[in-house]
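Number of protein chains: 2
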Amino acid sequence: MTEKQILEKSLVLFNQKGYAQVGMRELARELSISPGNLTYYFKKKEDVLSALLKQFSSHNTQLYQTFQNVKPTNANFLRLTRSIFENQYAYRGVYIGNQFVQKAITENNLFEYEEVVIRRKDAYSDIFRLLENSGHLKLKGDDVSFLVAYMTLFGRFWITEATLFNKVPKSDEVISHYIHLLAKQLSLFSTNVGLISIEEFLKVDGS
Amino acid sequence: MTEKQILEKSLVLFNQKGYAQVGMRELARELSISPGNLTYYFKKKEDVLSALLKQFSSHNTQLYQTFQNVKPTNANFLRLTRSIFENQYAYRGVYIGNQFVQKAITENNLFEYEEVVIRRKDAYSDIFRLLENSGHLKLKGDDVSFLVAYMTLFGRFWITEATLFNKVPKSDEVISHYIHLLAKQLSLFSTNVGLISIEEFLKVDGS
DNA sequence: CAAAAAAATAGTACGTTGTACTATATTGTG
DNA sequence: CACAATATAGTACAACGTACTATTTTTTTG
Chain D
30 MTEKQILEKS LVLFNQKGYA QVGMRELARE LSISPGNLTY YFKKKEDVLS ALLKQFSSHN
90 TQLYQTFQNV KPTNANFLRL TRSIFENQYA YRGVYIGNQF VQKAITENNL FEYEEVVIRR
150 KDAYSDIFRL LENSGHLKLK GDDVSFLVAY MTLFGRFWIT EATLFNKVPK SDEVISHYIH
210 LLAKQLSLFS TNVGLISIEE FLKVDGS
Chain U
30 MTEKQILEKS LVLFNQKGYA QVGMRELARE LSISPGNLTY YFKKKEDVLS ALLKQFSSHN
90 TQLYQTFQNV KPTNANFLRL TRSIFENQYA YRGVYIGNQF VQKAITENNL FEYEEVVIRR
150 KDAYSDIFRL LENSGHLKLK GDDVSFLVAY MTLFGRFWIT EATLFNKVPK SDEVISHYIH
210 LLAKQLSLFS TNVGLISIEE FLKVDGS
């Protein structure tokens with residue numbers, strides 16, 4: 030048995046039933062090992078959550094960095110967001126049970142987590158500035174802070190909303206729906222060039 | 030001991046520590062009754078949650094209805110939203126622990142809850158149409174469905190975002206912040222009359 | 001290769017949780 | 001007063017997270 034196998038199975042179960050509904054004994058049974066053996070790899074259930082969140086987070090930061098290597102267009106921004114959404118979808122089981130995440134934060138590693146959020150806000154700030162400089166967005170006054178706030182909330186809770194009613198939402202349909210909403214929001218701040226870029230994205234990538 | 034007293038104390042504790050972190054024994058102790066007596070009023074912990082959600086929901090629908098009796102202006106819409114936000118803030122302890130809500134939904138009263146969401150969407154649809162007719166908003170194409178989707182997600186998860194990092198967010202500050210974001214969003218679809226109405230609201234009511 | 005050390009696995013047990021059940025006390029009612 | 005209804009308390013049980021110990025397997029080392 031490896032940690033990797035345990036995390037994989039955990040994620041599947043968390044996605045299926047939710048973090049709170051998956052017990053350590055059940056997880057051990059699914060892995061065909063004893064509960065005692067499971068605690069050898071992860072002393073606490075919360076440690077499984079933390080490890081998965083770490084995986085998720087590192088994959089996410091990787092995705093953000095890819096935007097540095099592409100042309101700063103609205104279409105590429107939407108592509109970036111969609112890949113991030115796909116990642117969130119993959120980890121929805123650990124992402125949604127947020128009061129456990131909250132508890133973990135307040136008790137253990139608050140600072141690290143808050144740091145991630147601040148970094149993400151900065152990243153969005155940079156991205157919107159880039160899109161402005163490339164002539165895709167026209168931003169004035171508090172437009173940037175508004176868009177950053179929008180992305181922070183929308184980009185975090187779309188998956189929660191989606192799973193709140195559809196126990197097993199279809200990945201493509203759901204993501205497509207929320208990406209379209211984002212595209213609309215973006216269009217409200219777009220130049221003509223930006224609008225064309227959005228339309229191009231929706232034609233090629235939007236289902 | 031009355032149900033009312035139990036619900037009041039529950040809400041305080043849920044707001045302070047979160048639904049999952051408050052046990053039935055602790056709740057009984059705080060009420061100076063025995064655990065057995067507590068289960069006489071609420072057989073299951075989930076029943077306490079349900080009762081509180083019912084209170085919250087009925088208060089909310091009441092608030093929505095008040096909009097029928099006022100002039101359909103952007104300012105009044107923002108006032109309505111703020112009173113709704115205040116209600117959500119008051120019940121944040123039951124509102125945030127959403128995977129328990131989710132569990133309750135999937136197991137028991139899915140339909141009822143889904144119905145509430147649909148009704149709320151219709152209500153927003155009506156409100157935006159009213160604001161259009163009164164010359165405060167100019168809406169075309171998929172603007173209405175976009176705004177409805179925006180209000181649904183934003184109006185549901187702002188409090189979750191707020192409490193995720195500030196364990197005890199100050200009511201006024203937090204609500205004011207999110208209302209300002211909504212005002213900005215609204216202004217993107219506003220006529221001149223609508224913009225003036227928003228500015229008037231922010232001057233009078235925005236802190 | 002054999003012995004020692006390390007890593008992995010299993011089993012048991014403890015405290016806490018939600019909650020079902022029963023017994024006792026209080027209140028209301030004819 | 002007597003009896004029913006309501007309210008309160010106490011106990012107990014299954015499930016949970018998890019700490020602890022014992023056993024087996026694997027790796028390292030002389």
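Each protein sequence line maps, in turn, to chains D and U. Okay, so the first sequence: first residue is 30 according to the numbering used here, each after it adds one. Okay, so the second sequence: first residue is 30 according to the numbering used here, each after it adds one. By construction, the Cβ of each residue, glycine as well, lies at the ideal position given by its N, Cα and C atoms. These figures come from a predicted structure and were not determined experimentally.
Extent of the continuous alpha helix (DSSP H) to which U/GLN91 belongs: If you number the second sequence from 1, residue 91 of chain U lands on position 62. Residues 74 to 95.
Touching by the beta-carbon criterion (3+ pairs, under 8 Å), the region 164 to 184 of chain D and the region 210 to 225 of chain U: yes
Inter-residue Cα distance where the pair is U/LEU139 and U/VAL145: Working through the second sequence from its first residue, we reach residue 139 of chain U at position 110. Working through the second sequence from its first residue, we reach residue 145 of chain U at position 116. Unreliable positioning characterises U/LEU139 in this predicted model, as indicated by a pLDDT of 48, which lies under 50. The coordinate reading is nonetheless provided below. For U/LEU139 and U/VAL145, the distance between alpha carbons rounds to 10 Å.
Outcome for D/ASN44 when other beta-carbon atoms lying within 10 angstroms are tallied against a minimum of 16: Counting from 1 along the first sequence, the entry for residue 44 of chain D is found at position 15. Burial call: buried.
Through-space distance from D/ARG58 to D/THR68, alpha-carbon basis: Taking the first sequence and counting its residues from 1, the one referred to as residue 68 of chain D is at position 39. Taking the first sequence and counting its residues from 1, the one referred to as residue 58 of chain D is at position 29. So the two alpha carbons sit approximately 13 Å from each other.
Beta-bridge partners of D/LEU166, as assigned by DSSP: Counted from its first residue, the first sequence places residue 166 of chain D at position 137. Per DSSP, D/SER219.
C-beta neighbour in chain D for U/PHE194, strict 8 Å: As a working mapping, residue 194 of chain U is identified with position 165 in the second sequence. By this cut-off, U/PHE194 is an interface position.
Distance, U/LYS33 Cα to U/HIS88 Cα: The residue you call residue 88 of chain U lines up with position 59 of the second sequence. The residue you call residue 33 of chain U lines up with position 4 of the second sequence. Going from the Cα of U/HIS88 to the Cα of U/LYS33 covers about 15 Å.
Buried versus exposed call for U/ARG148 [16 or more other C-beta atoms within 10 Å across all chains shown]: In the second sequence, residue 148 of chain U corresponds to position 119, counting from 1. U/ARG148 comes out exposed.
CB contact below 8 Å: U/LYS213 versus chain D: As a first step, residue 213 of chain U is located in the second sequence; it is residue number 184 there, counting from the start. For U/LYS213, the answer is yes, since a Cβ of chain D falls inside 8 Å of its Cβ.
Proximity test, Cβ basis, 8 Å: U/ASP245 and chain D: Residue numbering for chain U in the displayed model covers 30 to 236; residue 245 of chain U lies beyond these limits and cannot be assessed.
Alpha helix (DSSP H) segment containing U/LYS100, residue limits: To locate residue 100 of chain U, count along the second sequence from 1; it is residue 71. Premise fails: U/LYS100 is in no alpha helix (DSSP H) and is neither H nor E.
CB contact flag (U/HIS165, U/SER219, <8 Å): Your numbering for residue 165 of chain U matches position 136 in the second sequence. Your numbering for residue 219 of chain U matches position 190 in the second sequence. Yes, the Cβ-Cβ distance between U/HIS165 and U/SER219 is below 8 Å.
D/LEU67: contacting residues in chain U (beta-carbon distance under 7 Å): Looking up residue 67 of chain D in the first sequence gives position 38. Here the premise fails: no neighbours, minimum Cβ distance about 22 Å.
Distance CB(U/ILE204)-CB(U/GLU115) smaller than 8 Å: Counting from one through the second sequence, the residue named residue 204 of chain U turns up at place 175. Counting from one through the second sequence, the residue named residue 115 of chain U turns up at place 86. Yes. Within cutoff.
Between the CA atoms of U/LEU42 and D/GLU161 - distance to the nearest angstrom: The residue you call residue 161 of chain D lines up with position 132 of the first sequence. The residue you call residue 42 of chain U lines up with position 13 of the second sequence. Their backbone Cα atoms lie some 47 Å apart in a straight line.
U/PRO101 versus U/LYS167: straight-line alpha-carbon distance, rounded: As a first step, residue 101 of chain U is located in the second sequence; it is residue number 72 there, counting from the start. As a first step, residue 167 of chain U is located in the second sequence; it is residue number 138 there, counting from the start. Computed Cα separation, rounded: 14 Å.
Under the three-state DSSP convention, the category U/TYR120 falls into: The residue labelled residue 120 of chain U in the question sits at position 91 within the second sequence. Looking at U/TYR120 - three-state DSSP - the assignment turns out to be coil, as it is neither helix nor strand.
Which of helix, strand or coil DSSP assigns to U/ILE62: Looking up residue 62 of chain U in the second sequence gives position 33. Residue state, collapsed to three classes: coil.
Interface positions of the region 152 to 175 of chain U facing chain D (Cβ-Cβ less than 8 Å), listed along the chain: ASP171, PHE175
Sequence-distant residues of its chain with Cβ nearer than 6 Å to D/PHE71 (five each side left out): As a working mapping, residue 71 of chain D is identified with position 42 in the first sequence. Here the set comprises VAL77.
Interface flag, D/ALA119 vs chain U, CB-CB below 8 Å: Within the first sequence, numbered from 1, the residue matching residue 119 of chain D stands at position 90. No, because no Cβ of chain U sits closer than 8 Å to the Cβ of D/ALA119.
Straight-line gap, U/THR95 to U/ARG111 (C-alpha atoms, nearest Å): Position 66 of the second sequence, counted from the first residue, corresponds to residue 95 of chain U. Position 82 of the second sequence, counted from the first residue, corresponds to residue 111 of chain U. Going from the Cα of U/THR95 to the Cα of U/ARG111 covers about 13 Å.
Boundaries of the alpha helix (DSSP H) in which U/MET180 is found, first to last residue: To locate residue 180 of chain U, count along the second sequence from 1; it is residue 151. Counting along the chain, the alpha helix (DSSP H) containing U/MET180 begins and ends at 172 to 194.
Coil, strand or helix - D/VAL146 by DSSP: What you label residue 146 of chain D is simply residue 117 of the first sequence in a count that begins at 1. In the structure shown, D/VAL146 sits in a helix (DSSP, three-state: H, G or I).
Contact under 8 Å by Cβ, U/PHE230 with U/ARG108: Here residue 230 of chain U refers to the residue found at position 201 of the second sequence. Here residue 108 of chain U refers to the residue found at position 79 of the second sequence. Yes, they are a contact pair.
Contacts of U/THR220 in chain D (Cβ-Cβ under 7 Å): Your numbering for residue 220 of chain U matches position 191 in the second sequence. What U/THR220 touches in chain D: nothing, since even the nearest Cβ is about 15 Å away.
Alpha-carbon spacing of D/HIS206 relative to U/ASN98, whole angstroms: Numbered from its first residue, the first sequence carries residue 206 of chain D at position 177. Numbered from its first residue, the second sequence carries residue 98 of chain U at position 69. Straight-line Cα distance between these residues: approximately 34 Å.
8 Å Cβ cutoff met for D/LEU92 and D/ILE113: Translated into the one-based positions of the first sequence, residue 92 of chain D becomes position 63. Translated into the one-based positions of the first sequence, residue 113 of chain D becomes position 84. Going by C-beta atoms, D/LEU92 is nearer than 8 Å to D/ILE113.
Nonlocal neighbours in the same chain, by C-beta distance under 7 Å from U/VAL51, ignoring five residues either side: To locate residue 51 of chain U, count along the second sequence from 1; it is residue 22. Same-chain partners within the cutoff: LEU42, PHE43.
Chain-ordered neighbours of D/ARG149 on chain U, where CB pairs are closer than 7 Å: Against the first sequence, residue 149 of chain D aligns to sequence position 120. Correct list: empty, because the minimum Cβ distance to chain U is about 13 Å.
Local conformation of U/ASP151 per DSSP, three classes: As a first step, residue 151 of chain U must be located in the second sequence, where it is residue number 122. Helix.
Cβ-based contacts, 9 Å cut-off: residues of the region 179 to 191 of chain U near chain D: TYR179, THR181, LEU182, PHE183, ARG185, PHE186, TRP187, THR189, GLU190
Rounded separation between D/LEU40 and U/ALA104 - CA only: The sequence position of residue 40 of chain D within the first sequence is 11, counting from 1. The sequence position of residue 104 of chain U within the second sequence is 75, counting from 1. The straight-line gap from Cα to Cα measures roughly 46 Å.
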